[in-house]
Amino acid sequence: MSTTMQNLRRCTCSRCKTGVNGFKLVNRKTLVNHEEADERASFLMERMQQTNENAATETADVPEHAEINANEESDDEDVLDDIFDDEEEDEEEAPAEDLFARFGNNEYLPTEPLAFVLFLTLFLLNGKHLTEEACEILMIMFNIALEITHHRYRFPVRAETFVAWCQLASRVHHGMKEYVSCTICHAVHPFETACEKIALLGKTCSSVEPFPRSTRCGNDLFLANAKNELKPKRSFFYNSIITTLKTFFLREDFVDDVKHWQSREVIPGVMSDVYDGSIWREFKMNPADEVPYVQQSSFNLMLTINVDWFQLYTNSVYSCGGIYLTIQNLPREIRNLRKNVLLCALLPGPGEPKTFQMNHYLRLLVDELLLLADCVQMQTKYHSIVTIKAALTMVACDLPAARKVIGMTSHNSINACNQCTHLFKSIPGHPHQRNFAAAPRDGTLVTRDAASHRVDAEIWKNTATASGRTELEQKNGVRYNREHEYSNKSLVLLDTYLSDHATVTVVTKQGYSHIRANKDLSMLIPFVI
3 MSTTMQNLRR CTCSRCKTGV NGFKLVNRKT LVNHEEADER ASFLMERMQQ
53 TNENAATETA DVPEHAEINA NEESDDEDVL DDIFDDEEED EEEAPAEDLF
103 ARFGNNEYLP TEPLAFVLFL TLFLLNGKHL TEEACEILMI MFNIALEITH
153 HRYRFPVRAE TFVAWCQLAS RVHHGMKEYV SCTICHAVHP FETACEKIAL
203 LGKTCSSVEP FPRSTRCGND LFLANAKNEL KPKRSFFYNS IITTLKTFFL
253 REDFVDDVKH WQSREVIPGV MSDVYDGSIW REFKMNPADE VPYVQQSSFN
303 LMLTINVDWF QLYTNSVYSC GGIYLTIQNL PREIRNLRKN VLLCALLPGP
353 GEPKTFQMNH YLRLLVDELL LLADCVQMQT KYHSIVTIKA ALTMVACDLP
403 AARKVIGMTS HNSINACNQC THLFKSIPGH PHQRNFAAAP RDGTLVTRDA
453 ASHRVDAEIW KNTATASGRT ELEQKNGVRY NREHEYSNKS LVLLDTYLSD
503 HATVTVVTKQ GYSHIRANKD LSMLIPFVI
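Taking my numbering, I'd label the letters of the sequence shown as residues 3 to 531.
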């Protein structure tokens, strides 16, 4: 008999007894897990039976000598029926939700109190405070403690197995997908399903930049570790905003919060929030629409995008980025809370990608925004299925990030303004510093518009040589960006006030003095692409 057959055990649990012979052959660990699952089920049944017995005991007996009027009994029964009918209606309208019910069928959860506390401790620490190696060391120590205290539960050897036991991928992270990011061109390749992993494992980057006569990247995407296993050199995770929105709309009061702006107090002559702006009141997805976008439906959302980079470590230079969106329809006091933010992606380091390299990461977001521009059906908690639409109408980033998102050159380039085509010359003796105060304010500036911006981006994209693209950047200050595909669908992207003349200028007092003296608000108008 082989060693494998000798290690098998006969399992007669409630699940395995349905086999042909009334049992199934499983390994020792599976046998223990099945037995513990049956113990949990038995424990729950005993608790339910005990609860029913207590309820029956507490029922008061009717005295034998008590006189019961038939009419009174009928009236009482009618009243009780009405009461219970009302309770049943209330239960149908607002069913009680057990937050842990969906995890109750996890056969890997321990039933022993000490083991459960250790499991919960490791669950909370893993991923955020522990590396994989530290997690595995901690599980070894937990197993030693459980063996000393004569508990049967045992933690797995590998951290990956513990993560699989927690079922986070299917129950919590179901909208997140893994990609392999090229360390040279930043192209992303799907690496989530088994088929995608088999198709990509060991391959090189097949990305080709959108420029004429561009060649295949060919960079290695994988690297062998100490166990001679191929692992991605760099991973990128994208979180679906459609999946996140579906989760949001199942919340208790989320639909009411989205509609709250319609019943807000409006003070004439006072602009207190984004709802008082012209874009909110006048924006139309299609210029031929009769009514503005947000008035067509209570579930037409306006989104704000923010992209920024941060230093991940204290004593080393390693910059990571984040892409996230907020929902303008929500009240201002809860709009930017972490629970209401749509986190799309974390951009891998160690440095920031170039403007055209950002296209690989923005492509996934643009594809979903195009779906939301048409419509997506979503289930709500109390309002059945509703039709959700969304439009990206604002870019709220700092200057460097905003320029990358809207497809423009650096904020310190010769084309530094998002509104006009004025060329800012360098300060004498400082070739990398611009004299932003030299911009004329006599009305002679040529203002940028959305159509010319997209045309300049297409010209830059179709230029064959790097020198030709550099020349166009100095002339127009525009690079191609995937967001232009989104704006071509009659949609609007807005840059924030932070990217306008008043903040770009070194001498900001001069800009604000000009606004106050001349009451000229043209500098506060965001740039539209």
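Cβ atoms here follow ideal geometry from the backbone N, Cα and C, with glycine treated the same way.
Owing to the predicted nature of the structure, the values given are computational and were not obtained by experimental measurement.
CB contact check: residue i to chain B, cutoff 7 Å
i	result
Gln-313	Included in the structure is just one protein chain, with no chain B present.
Local Cβ density within 10 Å of residue i, reported as buried at 16 or more and exposed below that
i	result
Met-360	buried
Gln-421	buried
His-191	buried
Tyr-363	buried
Glu-475	buried
Tyr-295	buried
Phe-193	buried
Arg-12	exposed
Phe-238	buried
Phe-118	exposed
Cys-207	buried
Arg-456	buried
Cys-168	buried
Cys-419	buried
Ile-329	buried
Ile-240	Residue identity differs from the one stated: residue 240 is Tyr in this sequence, not Ile. With 16 or more Cβ atoms within 10 Å of its Cβ, Tyr-240 is classed as buried.
Phe-426	buried
Lys-406	buried
Leu-371	buried
Thr-20	exposed
Phe-312	exposed
Tyr-320	exposed
Bridge partners - residue i, DSSP secondary structure assignment
i	result
Asn-241	Met-178
Leu-349	Gly-323
Met-47	According to DSSP, Met-47 bridges with nothing at all.
Thr-449	Cys-422
Leu-344	Leu-327
Met-410	Val-480
Assigned secondary structure, residue i (DSSP; H/G/I helix, E/B strand, else coil)
i	result
His-432	strand
Cys-419	coil
Cys-18	helix
Cys-137	helix
Arg-266	coil
Lys-463	helix
Val-272	coil
Val-28	strand
Ile-390	strand
Arg-11	strand
Leu-124	helix
Leu-474	helix
Ile-329	strand
Leu-132	strand
Tyr-384	coil
Ala-440	helix
Tyr-277	helix
Glu-38	helix
Lys-261	helix
Asp-255	coil
Glu-335	helix
Leu-116	helix
Leu-111	coil
For residue j and residue i, believed in contact at Cβ under 8 Å, the rounded distance
i	j	result
Thr-395	Phe-285	6 Å
Val-480	Asp-451	So it is not a contact: roughly 12 Å between Cβ atoms.
Val-34	Arg-154	6 Å
Val-260	Leu-373	Not confirmed; about 19 Å, so no contact.
Lys-205	Leu-225	That belief does not hold up - the Cβ atoms of Lys-205 and Leu-225 are roughly 13 Å apart, past 8 Å.
Ile-307	Leu-327	5 Å
Cys-137	Cys-187	Not confirmed; about 33 Å, so no contact.
Thr-2	Val-257	A query on residue 2 cannot be resolved here, the shown segment of the chain reaching from 3 to 531 and no further.
Tyr-391	Phe-251	Rather than Tyr, the amino acid found at residue 391 in this sequence is Lys. 13 Å between Cβ atoms; not a contact.
Glu-37	Cys-15	6 Å
Leu-140	Leu-148	Incorrect: roughly 12 Å between the Cβ atoms, too far for contact.
Ile-429	Asn-417	At roughly 16 Å, the Cβ-Cβ gap does not stay under 8 Å, so Ile-429 and Asn-417 are not in contact.
Gly-409	Thr-357	6 Å
Report the residue ranges of all beta strand (DSSP E) runs contained in full by the stretch 146 to 181; include only those spanning at least 3 residues, in chain order. Taken in chain order, the whole beta strand (DSSP E) runs of length 3 or more contained in the stretch 146 to 181 number zero.
Would you mind listing the alpha helix (DSSP H) stretches within the stretch 348 to 382 that are 4+ residues and don't spill past its ends, in chain order? DSSP runs (the alpha helix (DSSP H)) wholly in the stretch 348 to 382: 360 to 376.
Start-end ranges of the alpha helix (DSSP H) lying completely within the stretch 183 to 253, minimum 4 residues: Within the stretch 183 to 253, the complete alpha helix (DSSP H) runs of at least 4 residues fall at 196 to 202 and 243 to 250.
Just to confirm the assignment: which complete alpha helix (DSSP H) runs, minimum length 4, are found wholly within the stretch 283 to 325? DSSP runs (the alpha helix (DSSP H)) wholly in the stretch 283 to 325: 295 to 298.
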